[in-house]
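*Asks:* Just so you know, the sequences run in chain order A and B.
Once you know that position 63 of the first sequence is 60 in my numbering, the rest is easy, because the numbers rise by one and skip nothing.
Once you know that position 12 of the second sequence is 9 in my numbering, the rest is easy, because the numbers rise by one and skip nothing.
Quick reminder that beta carbons are idealized off the backbone N, C-alpha and C, glycines included.
There are 2 protein chains.
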Amino acid sequence: MDMLKRKILESGRYLGNGILKVDGFINHQVDPQLMDACGAEFARRFRNCGATRILTAEISGIAPALMTGKHMNLPVVYARKHKPVTMPDDVFLTLAPSHTKGRTVELIVSPEYLRAGEHILIIDDFLASGATIAGLVRLVEVAGATLAGIGALVEKSFEGGREMLSTPGLQIESLACITRMDESGIHFDD
Amino acid sequence: MDMLKRKILESGRYLGNGILKVDGFINHQVDPQLMDACGAEFARRFRNCGATRILTAEISGIAPALMTGKHMNLPVVYARKHKPVTMPDDVFLTLAPSHTKGRTVELIVSPEYLRAGEHILIIDDFLASGATIAGLVRLVEVAGATLAGIGALVEKSFEGGREMLSTPGLQIESLACITRMDESGIHFDD
């Protein structure tokens, strides 16, 4: 998706160690028009996936998931990393290692909002090692729901997340796929 | 705003101790169409406030702030509660007591996205005691920016946040103002 790639080239910065700084438009400051356009693009790509709900992980998955939900007219659930007092005692919980945080985080969803028989579209900001998204997939499975597809704003293909998550027939979409980042710049797959 | 009040009456639940469960449409599952409508309503109420940027706090402020930013065509910054590796070493940081968490949380904004001379509109999900929003106001002040207004989806007027935050000429808007919650139900100000 050209608009996102252009923004990454203009405002993103490679910090070394595989870390891409996109906090000017994705995960600290957010560009609402860009997110709206990304949501529309996900809605277009997943228009036939039959999803009944969208699942993401707090924090930085919320913006792209919300805009996708708006365009697909679907409710959006974000997995919490800490159980709030408003959540029931019995929850779906899984652990996911966080690369950027250097520790394991919990992903928690209330059974009120993830039900057996549903068809769930997962949307997140990054698809890198795939560890967070794999955690969301486990939540879908443990709830007795099925997976409608996986979408990420930015993929770092060299971290192998797509291969790890891939199963026959599963649609995985990223709007900007980075194949290489180094001193020479950020390189996309086309 | 009738749409939000109706949703609170239909799907909200009073859990006792001043806690309103709205995790079916605001802070775990999000209703994108409702948020979009709330963003449009904030944009209408603050159309003359001259804001240059919107500031909120992660996590549950992101959805209403993002939709408001979309309708006002303004960038949205969410204060982080943990400093990510992509943030510079020198940041704006303040502490805010969190009622629902029972502890103090950090609110951190990068100076890249909150600058002197700007006019900042604060949007959050709840205006209760006002402690979180007061923290955001301090970040605005320490950055050398000025306050364009404060908007919250849900106000609990009995917790006194509005009085605490109020200064002459400051526009404070809530889309659903709860004056009382008890076994008999949830009562709005009109």
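1) Which residues does DSSP list as the beta-bridge partners of ILE175/B?
2) Using CA atoms only, rank isn't needed, just tell me which of PHE39/A, PHE43/A and LEU52/A is closest to THR129/A.
3) Assign PHE155/B to buried or exposed, taking buried as 16 or more other Cβ atoms, counted over all protein chains shown, within 10 Å of its Cβ.
4) Excluding the 5 residues flanking LYS67/A on each side, which residues of the same chain have their C-beta closer than 7 Å to its C-beta?
5) Excluding sequence positions up to five away, which residues of its chain have a Cβ less than 8 Å from the Cβ of THR101/A?
6) Please report the straight-line C-alpha distance between ARG159/A and GLU152/A, rounded to a whole angstrom.
7) Tell me whether ALA142/A sits in a helix, a strand or coil according to DSSP, three-state version.
8) Cα separation between GLU170/B and ALA149/B?
9) Measuring only the C-alpha atoms, how far is LEU12/A from LEU63/B?
10) Beta carbon of ALA113/A, beta carbon of GLY141/A: below 8 Å?
11) What residues from chain D crowd round GLY114/B, counting only those whose CB sits closer than 8 Å?
12) Would HIS25/B pass as an interface residue toward chain A - the criterion being a Cβ-Cβ separation below 8 Å?
13) Closest to ALA34/A by C-alpha separation, out of ALA60/A, MET84/A, VAL139/A and SER107/A, would be which residue?
14) Taking CB distances under 8 Å as the criterion, tell me whether LEU172/A reaches chain B.
15) Can you check whether the CB of ASP(-1)/B is closer than 8 Å to the CB of THR83/A?
16) For MET178/B, collect the residues of the same chain with a Cβ closer than 6 Å to its Cβ; drop the 5 residues on either side in sequence, then sort them by chain order.
17) Where do the ends of the alpha helix (DSSP H) carrying ALA76/A lie?
18) Measuring only between beta-carbons, confirm whether GLY103/B sits less than 8 Å from chain A.
19) Check whether the Cβ atoms of ALA76/A and LEU124/A lie closer than 8 Å to each other.
20) Kindly indicate which three-state DSSP category PRO165/A falls into: helix, strand or coil?
21) Let me know the beta strand (DSSP E) ranges lying completely inside the segment 61 to 117 of chain B, each 3 residues or longer, listed in chain order.
22) From what residue to what residue does the beta strand (DSSP E) around ILE5/B run?
23) From ASN24/A to ILE56/A, what distance separates their C-alpha atoms?
24) Helix, strand or coil: how does DSSP classify ILE51/A here?
25) Nearest CA to the CA of GLY163/B: which residue from ALA131/B, ARG3/B and GLY182/B?
26) What does the alpha-carbon distance come out to for the pair TYR110/A and LEU90/B?
27) How about GLY146/B: is its C-beta nearer than 8 Å to some C-beta of chain A?
28) I want to verify the contact list: residues of chain A whose CB lies under 7 Å from the CB of MET32/B, in sequence order.
29) What are the partner residues of VAL27/A, as DSSP defines its beta bridges?
30) With distances taken from CA atoms, which of LEU31/B, GLN26/B and ILE5/B is nearest ALA54/A?
31) Taking Cβ-Cβ distances shorter than 9 Å, what residues in chain A pair up with TYR110/B?
32) Given that a residue counts as buried once 16 or more other Cβ atoms are within 10 Å of its Cβ, and exposed if not, what is SER107/B?
33) What residue from THR176/A, LEU172/A and LEU136/A has the CA that sits closest to PHE190/A's CA?
34) Below 8 Å on the Cβ atoms is my guess for GLY118/B versus CYS46/B; work out the distance and round it to an integer in Å.
*Replies:* Short version:
1) In the second sequence, counting from the first residue as 1, residue 175/B sits at position 178. Checking the DSSP bridge columns, you'll see ILE175/B partnered with LYS153/B and PHE185/B.
2) By one-based count along the first sequence, residue 129/A stands at place 132. Checking every option, the nearest Cα to that of THR129/A belongs to LEU52/A.
3) Within the second sequence, numbered from 1, the residue matching residue 155/B stands at position 158. Flag for PHE155/B reads exposed.
4) For the purposes of this step, residue 67/A is identified with residue 70 of the first sequence, where counting begins at 1. Cβ within range, chain order: GLY36.
5) Here residue 101/A corresponds to residue number 104 of the first sequence, with the count starting at 1. Excluding residues up to 5 positions away in sequence, LEU92, ALA93, PRO94 and SER95 lie with their Cβ nearer than 8 Å to the Cβ of THR101/A in the same chain.
6) Position 162 of the first sequence, counted from the first residue, corresponds to residue 159/A. Position 155 of the first sequence, counted from the first residue, corresponds to residue 152/A. Using only the alpha carbons, I get a separation of about 9 Å.
7) In the first sequence, counting from the first residue as 1, residue 142/A sits at position 145. Of the three classes helix, strand and coil, the one that applies to ALA142/A here is coil, per DSSP.
8) Residue mapping note: residue 170/B aligns to position 173 of the second sequence, counting from 1. Residue mapping note: residue 149/B aligns to position 152 of the second sequence, counting from 1. Taking the straight line from one Cα to the other gives about 6 Å.
9) Taking the first sequence and counting its residues from 1, the one referred to as residue 12/A is at position 15. Taking the second sequence and counting its residues from 1, the one referred to as residue 63/B is at position 66. Their backbone Cα atoms lie some 27 Å apart in a straight line.
10) For the purposes of this step, residue 113/A is taken as the residue at position 116 of the first sequence. For the purposes of this step, residue 141/A is taken as the residue at position 144 of the first sequence. Remark: C-beta atoms of ALA113/A and GLY141/A approach each other more closely than 8 Å.
11) Here chain D cannot be found, since the structure's protein chains are A and B.
12) The residue given as residue 25/B occupies position 28 in the second sequence. Chain A contact via Cβ: present.
13) For the purposes of this step, residue 34/A is taken as the residue at position 37 of the first sequence. Residue ALA60/A is the option with its Cα nearest to ALA34/A.
14) Residue mapping note: residue 172/A aligns to position 175 of the first sequence, counting from 1. Closer than 8 Å: no.
15) Your numbering for residue 83/A matches position 86 in the first sequence. Your numbering for residue -1/B matches position 2 in the second sequence. The answer is no: Cβ separation not under 8 Å.
16) In the second sequence, the residue the question calls residue 178/B occupies position 181. Cβ neighbours of MET178/B beyond the five flanking positions: TYR11.
17) Taking the first sequence and counting its residues from 1, the one referred to as residue 76/A is at position 79. Element bounds for ALA76/A: not the alpha helix (DSSP H) but the beta strand (DSSP E), 73 to 76.
18) Position 106 of the second sequence, counted from the start, is the residue given in the question as residue 103/B. With the sequence shown as reference, residue 103/B is identified as Glu, and Gly is not the correct amino acid for it. With respect to chain A, the C-beta atom of GLU103/B has no partner C-beta closer than 8 Å.
19) Sequence index remark: in the first sequence, residue 76/A carries index 79 (1-based). Sequence index remark: in the first sequence, residue 124/A carries index 127 (1-based). Taking the C-beta atoms as reference points, LEU124/A is found no nearer than 8 Å to ALA76/A.
20) Taking the first sequence and counting its residues from 1, one reaches residue 165/A at position 168. Three-state DSSP puts PRO165/A in coil, outside helix and strand.
21) Entirely contained in the segment 61 to 117 of chain B, the beta strand (DSSP E) runs reaching 3 residues are, in chain order, 73 to 76, 89 to 95 and 100 to 106.
22) What you label residue 5/B is simply residue 8 of the second sequence in a count that begins at 1. Annotation for ILE5/B: no beta strand (DSSP E) segment contains it, though the alpha helix (DSSP H) segment containing it runs -1 to 8.
23) Locating residue 24/A in the first sequence gives position 27, where the first residue counts as 1. Locating residue 56/A in the first sequence gives position 59, where the first residue counts as 1. Looking at the backbone, the Cα of ASN24/A and that of ILE56/A are separated by about 8 Å.
24) On the first sequence, position 54 is the one that residue 51/A refers to. ILE51/A: strand per DSSP, three-state reduction.
25) As a working note, residue 163/B is residue 166 in the second sequence. In the sequence as displayed, the identity of residue 163/B is Ser instead of Gly. Checked all of ALA131/B, ARG3/B and GLY182/B; the closest Cα to SER163/B is ALA131/B.
26) Here the question's residue 110/A lines up with position 113 in the first sequence. Here the question's residue 90/B lines up with position 93 in the second sequence. Rounded to whole angstroms, TYR110/A to LEU90/B spans 34 Å at the Cα level.
27) As a working mapping, residue 146/B is identified with position 149 in the second sequence. By this cut-off, GLY146/B is not an interface position.
28) Here residue 32/B corresponds to residue number 35 of the second sequence, with the count starting at 1. Contacts between MET32/B and chain A, judged by CB atoms closer than 7 Å, involve LEU63 in chain order.
29) As a first step, residue 27/A must be located in the first sequence, where it is residue number 30. Paired residue(s): VAL73/B.
30) Numbered from its first residue, the first sequence carries residue 54/A at position 57. Of LEU31/B, GLN26/B and ILE5/B, the residue nearest in Cα terms is GLN26/B.
31) For the purposes of this step, residue 110/B is taken as the residue at position 113 of the second sequence. By Cβ distance, chain A contributes ASP20, GLY21, HIS25 and GLN26.
32) Position 110 of the second sequence, counted from the start, is the residue given in the question as residue 107/B. Classification of SER107/B: buried, given that the 10 Å Cβ count is 16 or more.
33) Lying before the first or after the last residue shown, residue 190/A is absent from chain A, which here runs from -2 to 187.
34) Against the second sequence, residue 118/B aligns to sequence position 121. Against the second sequence, residue 46/B aligns to sequence position 49. Before going further, note that residue 118/B is Leu rather than Gly in the sequence given. Indeed they touch by this definition, with Cβ atoms about 6 Å apart.
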